[in-house]
Structure formats: C-alpha cells, structure tokens
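Numbered per the numbering used here, the sequence shown spans residues 605 to 843.
Glycine included, each C-beta is placed from N, C-alpha and C at the ideal position.
Working notes, beginning with the structure itself.
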Amino acid sequence: MLSQIARLSSLLLLLTVGCHVLDRPTIVGSGVQLVDVRDCAGFSRIQAGSIVHLEIVEGDAYQVEVQGDDNLVPLVRTNVIGDRLEIGLEGDYRISAQQPLVVRIVCPPLQELDLSGATQTTLTGNVTDVEVSGASSLEVSQLSVDQLSVHISGASKTTFQGVVLSTVTLDSSGASKTNLEQLEADLLTVSISGASSVGCGNGIRQIRGSASGASKVVCQKNTNVQVDTSGAASVKSRD
C-alpha cells in the first residue's frame with residue numbers, strides 16, 4: 605500500500621510539473637535589435653543561468669551590455685549583489701528569441717564564474733574558480749593564473765587555453781566533457797565520475813587523482829600519470 609501511494613504521489617508530481625511547464629506563457633522575440641547598457645560595477649564573481657549567451661573580456665574598467673530582441677532584453681536581469689553579478693531572466697516565461705540574447709561584459713580578473721542552465725559563455729582572460737552545470741558550455745582563452753579550480757557536471761562542456769603556473773583541480777561528473785588540450789600546468793588533480801571525460805595535451809606534465817564509473821582521462825604518453833581507476837573508468841595515452 606505504501607509503495608502504491610509513493611508511486612501515485614510521484615505521478616501526481618510529474619503531472620503537476622508538466623502542466624506548469626505547458627502553462628508558462630511564451631514570449632516571441634520581435635526581431636528588432638536592441639543594445640542596452642547596464643550600470644554594473646564592483647563585482648569579481650559572476651553567476652549566470654537560463655538561455656543567455658555571455659561574452660566576457662578582461663579589462664581595467666567595468667562595462668555590461670545586453671543585446672537581443674527589443675522586447676526580450678528588458679527581461680534579462682543583471683544585478684550586482686555584494687561582489688557578485690547575477691544574470692538571469694525575469695519571470696516564469698518560455699522565450700522564443702529571434703536572435704541570441706547576449707550579455708557582453710568587460711571586467712577585471714574574476715575570482716569565480718558559476719554557470720547553469722543552458723548558458724553559453726566565452727571568457728578571454730583570467731578566473732580562478734569555475735563551476736559549470738546543466739547543459740552549459742564555457743570556452744576560456746588567454747588564461748594566466750597560479751591555480752585553477754573547476755567543478756563541472758551534467759552535460760556541460762568546458763575548454764581551457766592558457767597557462768596555470770601550479771595546480772589545476774578538476775571535479776567532473778555526469779556526461780560532462782573537459783578539454784585541456786591547449787592548457788599548460790605543472791599538475792592536474794582529477795576526481796571524475798559517471799560518463800565524464802577529460803582530454804589533456806603536452807602542456808599537462810603530471811596527472812593525479814581518481815576516475816570511476818565510465819569516466820575517461822586521455823593524455824599524452826610522456827605525461828606522468830597516477831590515477832586510481834574503478835568500474836569501467838580508463839586512462840588512455842596517445843602519441
């Protein structure tokens with residue numbers, strides 16, 4: 605009896621969530637482009653979700669602008685709370701954009717970048733702590749930091765290009781993919797699980813840590829590797 609009640613409760617929850625999604629109003633983009641400059645400054649962390657595209661470039665001064673359909677741009681929220689810039693969509697809507705909603709940001713080096721949902725992001729410059737989840741993607745170029753910490757989950761994808769003088773710490777799960785082919789670092793410490801994968805180039809000199817589930821580490825033959833594997837996890841070397 606209890607199991608039947610549990611199953612009925614789960615079914616009712618799914619039906620309720622499904623009806624809520626179907627009931628959400630859809631806003632269709634106008635097709636008329638608008639660029640809106642926002643008054644945002646003083647942040648060293650960025651947290652973004654939803655379907656927005658982010659283009660972040662390191663610079664001395666702060667600049668934030670939102671581009672997209674003129675009836676959708678006002679729905680993009682850009683609030684600075686403490687040292688964090690929070691980006692998302694106002695209201696409970698389904699968005700049908702005629703052109704991408706793009707948030708362009710110029711700011712000093714970031715301490716933290718937190719992405720979720722289906723956010724697509726490019727960063728040209730420095731960041732030390734990265735968290736990516738959902739179906740988000742991130743491409744980082746011209747990186748030059750002492751240490752880098754990366755947490756990636758879901759079906760997200762990340763690519764890093766540049767130099768890390770000391771250690772890269774990578775925690776990866778789900779079906780996430782991490783590309784470190786163009787990254788230089790003395791040490792990569794990994795903790796990967798699920799069906800996640802990480803690919804490394806000649807710039808990674810040492811790899812330490814653990815891999816479980818069906819996860820995979822791919823590296824160069826000359827890399828010093830000490831990774832404990834379990835389940836169907838693997839470490840593969842290539843020329």
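Item to complete: Sort Gly835, Val710, Leu689 by Cα distance to Ala799 and report the nearest one.
Response: Along the sequence shown, read from residue 1 onward, the residue named residue 799 stands at position 195. Cα-wise, what sits closest to Ala799 is Gly835.
Worksheet item: Arg842 to Lys825, Cα distance in whole Å?
Response: Translated into the one-based positions of the sequence shown, residue 842 becomes position 238. Translated into the one-based positions of the sequence shown, residue 825 becomes position 221. Arg842 and Lys825: Cα-Cα distance of roughly 5 Å.
Worksheet entry | Continuous beta strand (DSSP E) assignments of at least 3 residues falling wholly in the region 622 to 672 | 630 to 632, 637 to 642, 649 to 652, 657 to 662
Item to complete: Name the one or two DSSP bridge partners that Lys820 has.
Response: Here residue 820 is taken as the residue at index 216 of the sequence shown, counted from 1. Note: Lys820 sits in a beta bridge opposite Ser801, Ser838.
Worksheet entry | Environment of Thr630 [buried if 16+ CB atoms lie within 10 Å] | Within the sequence shown, numbered from 1, the residue matching residue 630 stands at position 26. Exposure of Thr630 is indicated by the presence of fewer than 16 other C-beta atoms within 10 angstroms of its C-beta.
Fill in: Pairwise C-alpha distance: Arg809 and Val661
By one-based count along the sequence shown, residue 661 stands at place 57. By one-based count along the sequence shown, residue 809 stands at place 205. Each residue's Cα considered, the two are about 28 Å apart.
Worksheet item: Could you give the C-beta distance for Val734 and Val710, rounded to a whole number, given that I count them as a contact under 8 Å?
Response: In the sequence shown, the residue the question calls residue 734 occupies position 130. In the sequence shown, the residue the question calls residue 710 occupies position 106. Wrong, their Cβ atoms sit about 19 Å apart, outside the cutoff.
Item to complete: Can you give me the Cβ contacts of Leu679 inside the same chain, cut-off strictly under 6 Å, excluding the 5 residues immediately before and after it?
Response: The count along the sequence shown starts at 1 and reaches residue 679 at position 75. Cβ within range, chain order: Leu693, Glu694.
Practice prompt. Along the beta strand (DSSP E) that carries Val677, what are the first and last residues, could you check?
Written response: Indexing the sequence shown from 1 puts residue 677 at position 73. Annotation for Val677: no beta strand (DSSP E) segment contains it, and DSSP assigns it neither H nor E.
Practice prompt. Decide yes or no for the touch test of the region 712 to 719 against the region 649 to 656: beta carbon pairs closer than 8 Å, at least 3 of them.
Written response: Contact annotation: the region 712 to 719 touches the region 649 to 656, with at least three C-beta pairs closer than 8 Å.
Item to complete: For Ile655, collect the residues of the same chain with a Cβ closer than 8 Å to its Cβ; drop the 5 residues on either side in sequence, then sort them by chain order.
Response: Locating residue 655 in the sequence shown gives position 51, where the first residue counts as 1. Cβ neighbours of Ile655 within its own chain (closer than 8 Å, five residues either side excluded): Leu693, Ile699, Ala701, Leu705, Gly721, Ala722, Thr723.
Fill in: Alpha carbon of Asn828 to alpha carbon of Cys804, nearest angstrom
The count along the sequence shown starts at 1 and reaches residue 828 at position 224. The count along the sequence shown starts at 1 and reaches residue 804 at position 200. Cα to Cα, Asn828 sits roughly 12 Å from Cys804.
Practice prompt. Give the secondary structure of Asn826 by DSSP, where H, G and I count as helix, E and B as strand, and everything else as coil.
Written response: Counting from one through the sequence shown, the residue named residue 826 turns up at place 222. In the structure shown, Asn826 sits in coil (DSSP, three-state: anything other than H, G, I, E or B).
Discussion item. Closest to Gly738 by C-alpha separation, out of Thr771, Leu769, Gly729, Gly778, would be which residue?
Written reply: On the sequence shown, position 134 is the one that residue 738 refers to. Closest option to Gly738, Cα to Cα, is Gly778.
Worksheet item: Should Ser740 be labelled buried (16 or more other beta-carbon atoms within 10 Å of its own) or exposed?
Response: In the sequence shown, residue 740 corresponds to position 136, counting from 1. Result: buried.
Practice prompt. For Tyr666, collect the residues of the same chain with a Cβ closer than 6 Å to its Cβ; drop the 5 residues on either side in sequence, then sort them by chain order.
Written response: For this step, residue 666 is matched to residue 62 along the sequence shown. Counting only residues of its own chain and dropping the five nearest sequence neighbours on each side, Tyr666 has a CB closer than 6 Å to the CB of Ala645, Cys711.
Fill in: Straight-line gap, Val731 to Gln765 (C-alpha atoms, nearest Å)
Reading the sequence shown from its first residue, position 127 is the one you call residue 731. Reading the sequence shown from its first residue, position 161 is the one you call residue 765. Taking the straight line joining both Cα atoms gives about 12 Å.
Worksheet entry | Rounded C-alpha distance that separates Lys820 from Thr762 | Position 216 of the sequence shown holds residue 820. Position 158 of the sequence shown holds residue 762. Those two C-alpha atoms are separated by around 15 Å.
Item to complete: Using only alpha-carbon positions, find the residue among Ala759, Gly758, Val768, Val736 that is nearest to Gln746.
Response: Taking the sequence shown and counting its residues from 1, one reaches residue 746 at position 142. Checked all of Ala759, Gly758, Val768, Val736; the closest Cα to Gln746 is Val768.
Worksheet entry | Under the three-state DSSP convention, the category Glu694 falls into | As a working mapping, residue 694 is identified with position 90 in the sequence shown. Note: Glu694 maps to coil in three-state DSSP.
Worksheet item: Which residues in the same chain as Val684 place their Cβ atom closer than 8 Å to its Cβ, once the five residues preceding and following it in sequence are excluded?
Response: Locating residue 684 in the sequence shown gives position 80, counting from the first residue. Around Val684: Cys644, Ala645, Gly646, Phe647, Glu690.
Practice prompt. Go to Gly813, then tell me how far its beta strand (DSSP E) extends in each direction, as first and last residue.
Written response: Counting from one through the sequence shown, the residue named residue 813 turns up at place 209. From DSSP, the beta strand (DSSP E) with Gly813 extends over 810 to 815.
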